[in-house]
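>
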Amino acid sequence: MADQTELRLADVARAGFQDLSESRDALHELARSLEIGVDELLRAFSGAADPDAALIRIRHLAESHPERARALDPRLLRRLCLLIGASPALGDFFARRPERLVGILETGGRAIHADEARAALLDAVRDDGADAAAPSAALTGESGWNALRVRYRELLSELMLFDLRRSRKGEAAEAFEEVALSLSALAGAAIEASLAVARATLVAGCSGPPVPSERVAAAQLAVVAMGKCGAEELNVVSDVDVVFIVASADDDALDGDALIRVGTRLASETMRGIHDPAFEPPLWQLDANLRPEGRHGALVRTLGSMLSYYERWAKAWEFQALLKARPLAGDLHLGGEFVERTRDLVWASSSREDFVGSVQRMRQRVTEHIADDELEVQLKLGPGGLRDIEFSVQLLQLVHGQYDDRLHLRGTLPSLRALVDGGYVARGDGERLAADYRFLRVLEHRLQLRELRRTAIMPTDEEALRVLARATGLADNGGLLLESWERTKREVRELHLKIFYAPLLSAVAALPEEELVLGSDEARARLVSIGFRDPDGAMRHLAALTRGTSRRARIQRNLMPVLLQLLAEGTDPDYGLLAFRRVSEANSETPWYLRLLRDGTEAAERLTRVLSCSRFAAELLESLPESVAWLERDEQLRPMSREQLFAEMRSMSSRRDGAEAAAAALRTVHRREVLRLAMGRITGVIGEAEVAAGLDAAHTALLDALLTAIRLDAVVKWEGDPIELALIGMGRYGGGELGFASDIDLIAVFRAPGTVAADRASREAVRLISELRRLVSDPRFPVDLDFDLRPEGKNGPLARSLDAYRSYYQRWSVTWEAQALLRARAVGGDAALGADFIELADEIRYPASFGENEVREVRRIKARVEAERLPQGADPRRHLKLGPGGISDVEWLVQLLQLREGQRHPELRTVSTLRALEAANELELLGPHEADHLADSWRFASRVRSALKLWTGRSSDSLPVDRTDLDGIAGVLDLPRGRTFELEERWFAVSRRARAVFEREFFGYAEQDVRFPLP
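Heads up, the final residue of the sequence shown is numbered 1017 in this note's numbering, and it's a clean run with no missing numbers.
(1) Among 681, 292, 130, 854, which one has its Cα closest to the Cα of residue 607?
(2) Give the secondary structure of residue 726 by DSSP, where H, G and I count as helix, E and B as strand, and everything else as coil.
(3) Using a Cβ-Cβ cut-off of 7 Å (strictly less than) and excluding sequence neighbours within five positions of residue 257, which residues of its own chain qualify?
(4) Going by C-alpha distance, which of 853, 805, 818, 814 is nearest residue 841?
(5) Quick one: grab the DSSP three-state call for residue 182.
(6) Which value, in whole angstroms, describes the spacing of the CA atoms of residue 541 and residue 405?
(7) Here's the rule I'm using: 16 or more other beta-carbon atoms within 10 Å means buried, otherwise exposed. How should residue 963 be labelled?
(8) So what does DSSP say about residue 740, is it helix, strand or coil?
(9) In angstroms, rounded to a whole number, what distance separates the CA positions of residue 950 and residue 966?
(10) What is the C-beta distance between residue 942 and residue 992, in whole angstroms, given that I count them as a contact (C-beta under 8 Å)?
(11) Who does residue 830 pair with in a DSSP beta bridge?
(12) Do residue 881 and residue 875 come within 8 Å of each other at the CB atom, strictly closer than that value?
(13) Identify, in the order they occur along the chain, each residue of the same chain with its Cβ nearer than 8 Å to the Cβ of residue 49, setting aside the five sequence neighbours on each side.
(14) From the DSSP secondary-structure annotation, give me the bridge partner or partners of residue 1075.
(15) Report the rounded CA-to-CA distance for residue 491 versus residue 230, giving the unit in angstroms.
(16) Rounded to whole angstroms, how far is the Cβ of residue 2 from the Cβ of residue 707, which I believe are closer than 8 Å?
(17) If we ignore side chains and look at the alpha-carbon of each, how far apart do residue 721 and residue 747 end up?
(18) With DSSP as the reference, identify every bridge partner of residue 44, one or two as the case may be.
(19) What residue from 694, 671, 636, 724 has the CA that sits closest to residue 687's CA?
(20) If residue 10 sits next to residue 178, beta carbons under 8 Å apart, how far is it from one beta carbon to the other, in whole angstroms?
(21) Excluding five sequence neighbours on each side, which residues of the same chain lie with their C-beta closer than 7 Å to the C-beta of residue 351?
(22) Shortest alpha-carbon distance to residue 43 belongs to which of 24, 17, 900, 52?
(23) Going by beta-carbon coordinates alone, are residue 725 and residue 789 separated by less than 8 Å?
(24) Residues in the same chain with beta-carbon distance under 8 Å from residue 12, minus the five sequence neighbours each way, listed in chain order, please.
(25) Do you know offhand how far residue 968's Cα is from residue 994's?
(26) Report buried or exposed for residue 450, applying the criterion of at least 16 other Cβ atoms within 10 angstroms of its Cβ.
(27) Considering only the beta carbon of each residue, do residue 697 and residue 740 sit closer than 8 Å?
(28) Leaving out the 5 sequence neighbours to the left and right, which residues in its chain are closer than 8 Å to residue 745 when beta-carbon positions are compared?
(29) Can you list the alpha helix (DSSP H) stretches of 4 or more residues lying completely in the stretch 588–657, in chain order?
(30) Provide the residue span of the alpha helix (DSSP H) that contains residue 13, from first to last.
(31) Quick check on residue 207: does DSSP put it in helix, strand or coil?
(32) Name the DSSP bridge partner or partners of residue 840?
(33) What is the residue span of the beta strand (DSSP E) that residue 2 lies within?
(34) For the alpha helix (DSSP H) containing residue 428, name the first residue and the last one.
(35) Could you give the distance in angstroms between the alpha-carbon of residue 248 and the alpha-carbon of residue 224?
(36) In whole angstroms, what separates the C-alpha of residue 795 from that of residue 985?
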């Protein structure tokens, strides 16, 4: 026995043990058992990733098989500790089956080639006592499964020892491809051996009725690998995705349904041999769910049936799965024929409708199904994981592989190298992705090796991270390994988003080859086919954009096929292309413009959507072309804060020399903010509520700052104390519920100091308001101030004093004027005067009593409006504002409730129609369903009016009849194209329900009298 020295706890700790005292005692005991020096033993364990786990397994081995354990010299012991320290599961295996342990350790580990693996595993399941002429002279049932699994794990141990020794040298990443290739070879050999066992089992009748040997011999079963095994980049433990194809070598012996039945039994038995429970545990899952129709489809099909499915029914993702297909086991010729005959389908699949979009959505669905507590620790499916790299590479292969045969590869890393060599991925990006992929795969291998089970969950506790760091050799400790992994995730996600979600990729994938040459007859035909009504005009614009040899022209030529397809997804590609040309010419000296379109993740798609879906926004964008830069970031498409906008405009008005100069600058800022809102709405970044708030802020800031500038000019000429002047918002502007089609309704009020004569003050107030109306008018963007809601309407003065308003309302006011005041709100000018006016308005709009005579008057005026104000020839049902159930119905009913109940219920004292509806519901003045019907109709009509303004650039209150205009509205609202009838039916439904509520609650019709009953 070797001399034994007493180990110090510090030495045990330095070797990597955690339970120091108990481990020291166990080491001394094991050293005596193995007749080896304890120092030598400690050095062996110091190379183990988990010395504590390795010690437990080797002690068990020594107790169970003492003679074999004592045959291990220090060199073999070091290799055993290295192997079992990284894989306690293999330690348990050798405790069960130690026969080849010493031989495996003596080799020092090695890569396993496919032919060698196949021969070794077939030899393991050979039945030496069987008739050599039988279809399969192999073991049957569980005896065959156990023999197969034992030999597989022995070969796996050799491979893993090879991998771990490379890791000790810091070469784990470099060894990855060779190791993954060997794992794929082992999987193919295991399936081949399991198929041999399955044939023998069917003949022997060990699993179901026996099958005549001549039938089994006639059944040619091909096993085609998919996924990682097909790509020859398999994990240590992973599902092996396959499909089964069957054919008959002898139609007289086996054909038709019998062929499918025998083929199905063979495939089922083959799968059982790999993953069904037995004395020797299963290897991994043999998964056939990628077959046609998935788990609901037939397990095996003939070659003709397979090809028919892929030609007629297969979805986009199924072609992506076929990308990695290769014959793996069984009849390799049959499997090879299937792969060869589906290649053209695979490489043409990116021309299928919405191919790229469907693949991207599939990737997103995979991510969405990860449990919340696993999302950030998923090596494979989480953000910045392996799937991000694999999907990016596969998508680029399928998109560009239809033109470039060099990309017709299966493996991720070979394909990535080909993409780099072909110029499809920047070399730096490709090298970073490849390094990150190797790093993540090594981590995945070590995690799976430990317990020989499928997992891709990164540990979070310190001890597990320490063990993983020692097993991989990728970092000195767990903390550093975690930092490296987090850094890798961030980098992968960044590169994945850059490549996989590049907005131009979808369009490139959908273009036929001939369209890559602009100017050809085929290009003109394609323009027509994708929606251009004037292909010759489009070609002229294209020529202007791409003519010449400048760098800008070259970039435009590269982008143009993509941008055409993006424009065609909008409603008016012809106008979109014209607007694109104008915006591009306006930005011709801007260095970032084309770079943004080429490299931006969303900017190109958003720009083409804005230009081809909205004349209103396109015309504004032509006057502010630098605003294209906003499209790259969502926050730039959201409205500025009210405070920030007011500060900018007030500062601008105070710095300009005179009101004229200030007005020009203020109108530009106002136009800029309206454009921001339009672009935000069309791209879906903001909704109607944010549009309303943004428009209110933009209009109010403009009026406030412009009025300030006008009054500053007036001070120079005015003698005496200045008058006070305030602007009162009315209608939807007063209610803060503006849309793009809304008017800016106002009234003006002034108050003169005691030193100024009333008539002089009145003339000055009218002059200031007239100047405001003149200066607010923008030749590039019409802004009309409507003062028609003032007392006496168009016949009354533009501005009145507060006392004159009080006198008028007390003596002459009619009901409609009190109703109009319900939405009055001070918006600009002198705040104190505005507040005093609102105090006066409250006395009028919330009267102490509102009797039946007043109610009848409101009803009379509403009936007159319905009869007289509809435009001649307009279809009442399609009129969004004045038609049955339209905006007017909802607002008149709400205002009647406010006039009647506002004095008693402060909750109703609001200028907002929707807030008043909510209050009426809470006060039970309306039922919840009634309030919902009214709100639905009001919102829908408001959205459609705004969308119509954005689409045409003109205001209209009628739902169009023209299908192109309906398509335009649907495009702005991001509704499906080509289904405009749904837009119409939606309006007819919501307006009908709202009208039924209106007639019952406003006119007081009984239920049986309602002309538009609820469905």
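Positions of the beta carbon are idealized from the N, C-alpha and C atoms, including for glycine.
Since we're looking at a predicted model, the values are computed, not measured.
In terms of the structure at hand:
(1) Looking at the Cα atoms, 681 is the closest of the given residues.
(2) Strand, per DSSP.
(3) Take residue 257, set aside five residues on each side of it, and the residues of its chain with a beta-carbon closer than 7 Å to its own are 250, in chain order.
(4) Among 853, 805, 818, 814, the Cα nearest to that of residue 841 belongs to 805.
(5) Residue state for residue 182 is assigned as helix, using DSSP reduced to three classes.
(6) C-alpha separation (whole angstroms): 25 Å.
(7) With fewer than 16 other Cβ atoms within 10 Å, it is exposed.
(8) Assignment of residue 740 by DSSP, reduced to helix, strand and coil, places it in the coil class.
(9) Rounded to the nearest angstrom, the two C-alpha atoms are 11 Å apart.
(10) Confirmed, about 5 Å.
(11) Beta-bridge pairing links residue 830 to 729.
(12) One thing to note: residue 875 has its Cβ no nearer than 8 Å to the Cβ of residue 881.
(13) Shown here for residue 49: same chain residues with a beta carbon closer than 8 Å to its own, the five before and five after excluded, namely 80, 83, 84, 87, 170 in chain order.
(14) In the structure as shown, the chain begins at 3 and stops at 1017. Residue 1075 is therefore absent and cannot be evaluated.
(15) Whole-angstrom Cα-Cα distance: 21 Å.
(16) The first residue shown for the chain is 3 and the last is 1017, placing residue 2 beyond what the model contains.
(17) Roughly 31 Å between the two C-alpha positions.
(18) Residue pairing by DSSP leaves residue 44 without any beta bridge partner.
(19) For the residues 694, 671, 636, 724, the minimum Cα distance to residue 687 belongs to 636.
(20) Their Cβ separation, rounded to whole angstroms, is 39 Å, which puts residue 10 and residue 178 out of contact at 8 Å.
(21) Excluding sequence neighbours, residue 351 sits near 318, 321, 357, 400.
(22) Among 24, 17, 900, 52, the Cα nearest to that of residue 43 belongs to 17.
(23) Not a contact, by the Cβ cut-off of 8 Å.
(24) Apart from sequence neighbours up to five positions away, no residue of its chain approaches residue 12 with a beta-carbon distance below 8 Å.
(25) If you take the alpha carbons of residue 968 and residue 994, they lie about 20 Å apart.
(26) It counts as buried.
(27) Cβ distance < 8 Å, so residue 697 and residue 740 count as in contact.
(28) Non-local beta-carbon contacts of residue 745 in its own chain, meaning distances under 8 Å to residues more than five positions away in sequence, involve 733, 734, 735, 786, 788 in chain order.
(29) Listed in chain order, they are 594–601, 605–615, 617–625, 644–657.
(30) Taken as a continuous stretch (DSSP letters only), the alpha helix (DSSP H) holding residue 13 covers 11–16.
(31) In the structure shown, residue 207 falls within a coil segment according to DSSP collapsed to helix, strand and coil.
(32) In DSSP, residue 840 forms no bridge with anything.
(33) Since the displayed the chain opens at 3 and closes at 1017, residue 2 lies outside it and no answer follows.
(34) Run containing residue 428: none; DSSP gives neither H nor E here.
(35) The straight-line gap from Cα to Cα measures roughly 6 Å.
(36) Looking at the two C-alpha atoms, the distance is approximately 37 Å.
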